[in-house]
Structures are given as C-alpha cells and as structure tokens.
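Number of protein chains: 2
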Amino acid sequence: MTASDRDDGRFSYEGLDRVIHERARLSVLTSLVAHPKGLPFPDLKRLCGLTDGNLSRHLAVLSEADFVTLQKGFAQNRPQTVCRLTASGRQRFIGYLGVLEQVVRDAAEAAESGPESGRRGLDPATKPA
Amino acid sequence: MTASDRDDGRFSYEGLDRVIHERARLSVLTSLVAHPKGLPFPDLKRLCGLTDGNLSRHLAVLSEADFVTLQKGFAQNRPQTVCRLTASGRQRFIGYLGVLEQVVRDAAEAAESGPESGRRGLDPATKPA
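One line per chain: the protein sequences are A and B, in this order. Quick note: the first sequence uses my numbering, first residue 810, plus one each step. Quick note: the second sequence uses my numbering, first residue 810, plus one each step.
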C-alpha cells in the first residue's frame, strides 16, 4: 500500500447512503432532479425503465425517507400522481453525488496507473460488449 | 419533459451491474484497482472499513462472478490470502465506471439548472453535516 491510502477506511465511501445508492432509486432521483416541477408517475416510469410495481415500491422507500413527495390529483379527468424531489432530498442527493464523483476519481486514477492501461480517462470503448 | 429525455429508459442505467454496484463491493474493487499486485486480506479489510465476515462474504460474491482471485499462501510463516482483480474484472469495472460517470454528469447538469442552485458543479460545501 502507498502512504496516501494507509488510512483506515480510505475506500469505504460511508457517504453512499443505501437508500439512494440502489440502482432503481438512483434512476428515480436523477430523473426527478432533472425535473424540478415534478413528473407524473407514467413519465417517471418510462424514464427509469421500471414496471408499475417496482416504481411504486421504490417511491414508497424514498417517500418514507423524505426524499420525495407524491401528490395525487387529476389530469384530463384521470387520476394522476405527481412525484417531486423534496428540498432535503435534493440536498442529500447532491451530497451523495459528491461521494460518487470521488469514487469515479479514485478508481479512474488507479485504473490509469495500472499496468494494462496506456490511455487517459474512462474510454467508453473499453465497455464490455 | 424535454425532447432530449423523452426516450424510454433515459435514466435507467442498465450498465450499473448489481454485483459491482453494492457499496462494500465497490469499495473492494476500487481498492484492488488501485493495487494491481493484489492486497492481503487484512489490508483490504482496513481500506474498506469492513469486518472479516463482511469482507469474506463480498469476496465470495466477487470471486464467483470472476472479478477477483483469492490466493492462499504464507507470509512470515503465517497463512495469508492475497486478493487480486482479474483482467476481466478490471475491464468490467472500468465499463461500470463509465456508467457511473454518466450518472454524475446527468445529475450534476440537472442539479445546476435547478431553481435553487446558482453555482457550478457539486460543491462539497453542500454536503449534509
């Protein structure tokens, strides 16, 4: 190990809140941060590529933890739920993104200095097919 | 929604492989990509801030999916397991990091254009205390 990473928990990333980090919930939060006025359930479902049941389940978790509000109403005489990020949810999500940036930076630096890598950055061409 | 994100699954991030994405395993993989020659179990445990049992469990998952190899040997007459990233594991982890970069980019762009934000980038000062 190098001197710089001898610290306990150097790569533990405690800030990766499990409520946010789950893939589907990360999709939901990214969709909602991109739409500050909120999104109707069907639009959110489509952006996240989730089923009704899955999206409902994850929204319940996010609502319980005060990340989102779910407002029931009507649009064109049909019932509609609009999902919005709360101010606190937005703040915590931005904190989480800072940790995620750190993960990418740590790993990219390490990968670049590895023996098999001759290039800079995370070239999309290296993605598995 | 804007024209650019009308696509189905725009924010679904299918590339976030669940084997990699789990927080503890993300710690393990980042630690190992930073140490191409491998790490003894106790060093890896310390860097990731994990217990013996937790690290063993996650290494079993990663080994099963051919991300890591676990080599048992001796150091100073004591048994020692050295953990290393496989070439395929390294490649898949780099692909995953590309998707993670995309998440950060998508969310940072969205957060910057939000109504409450007057600054650029993910300022660490916005992290919750």
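By construction, the Cβ of each residue, glycine as well, lies at the ideal position given by its N, Cα and C atoms.
7 Å CB neighbourhood of residue i in its chain, flanking five on each side removed
i         : result
LEU835(B) : ILE829
GLY907(A) : none
PHE883(A) : GLN889
SER897(A) : ASP875
ALA966(B) : With chain B running from 810 to 938 in the structure shown, residue 966(B) is simply not present.
SER840(A) : LEU848, LEU853, LEU856, CYS857
GLN885(A) : none
LYS846(A) : none
ASP817(B) : none
GLU831(B) : none
Residues bridged to residue i (per DSSP)
i         : result
GLY882(B) : GLN889(B)
PRO845(A) : BP columns for PRO845(A) are empty, so no partner.
VAL877(A) : LEU894(A)
Chain-order list of residues whose beta-carbon lies under 6 Å from that of residue i (same chain, five-residue window excluded)
i         : result
TYR905(B) : ASP826, ILE829
THR890(B) : PHE850, LEU879, LYS881
GLY824(B) : VAL908
HIS844(A) : none
Beta-carbon separation (whole angstroms), residue i vs residue j, contact threshold 8 Å
i         : j         : result
ARG819(B) : LEU856(A) : 5 Å
LEU859(B) : CYS892(B) : About 12 Å separates the two Cβ atoms, so there is no contact after all.
VAL912(B) : LEU853(A) : VAL912(B) to LEU853(A), Cβ: 16 Å. No contact.
Residue i, enclosing alpha helix (DSSP H) - first and last residue
i         : result
LEU856(B) : 850-857
ARG819(B) : Where ARG819(B) is concerned, there is no enclosing alpha helix (DSSP H), given that its DSSP letter is neither H nor E.
Contact set for residue i: own chain, Cβ-Cβ below 8 Å, skip 5 residues either direction
i         : result
PHE902(A) : ILE829, LEU838, VAL842, PHE876, LEU894
ALA919(A) : none
ARG899(B) : VAL842
TYR822(B) : VAL908, GLN911, VAL912
ARG887(B) : none
Contacts that residue i makes with chain E (C-beta to C-beta distance below 8 Å)
i         : result
LEU909(A) : Looking at the structure shown, chain E is missing, and the protein chains on hand are A and B.
Does the stretch 863-872 of chain A touch the stretch 860-872 of chain B, meaning 3 or more C-beta pairs lie closer than 8 Å? no
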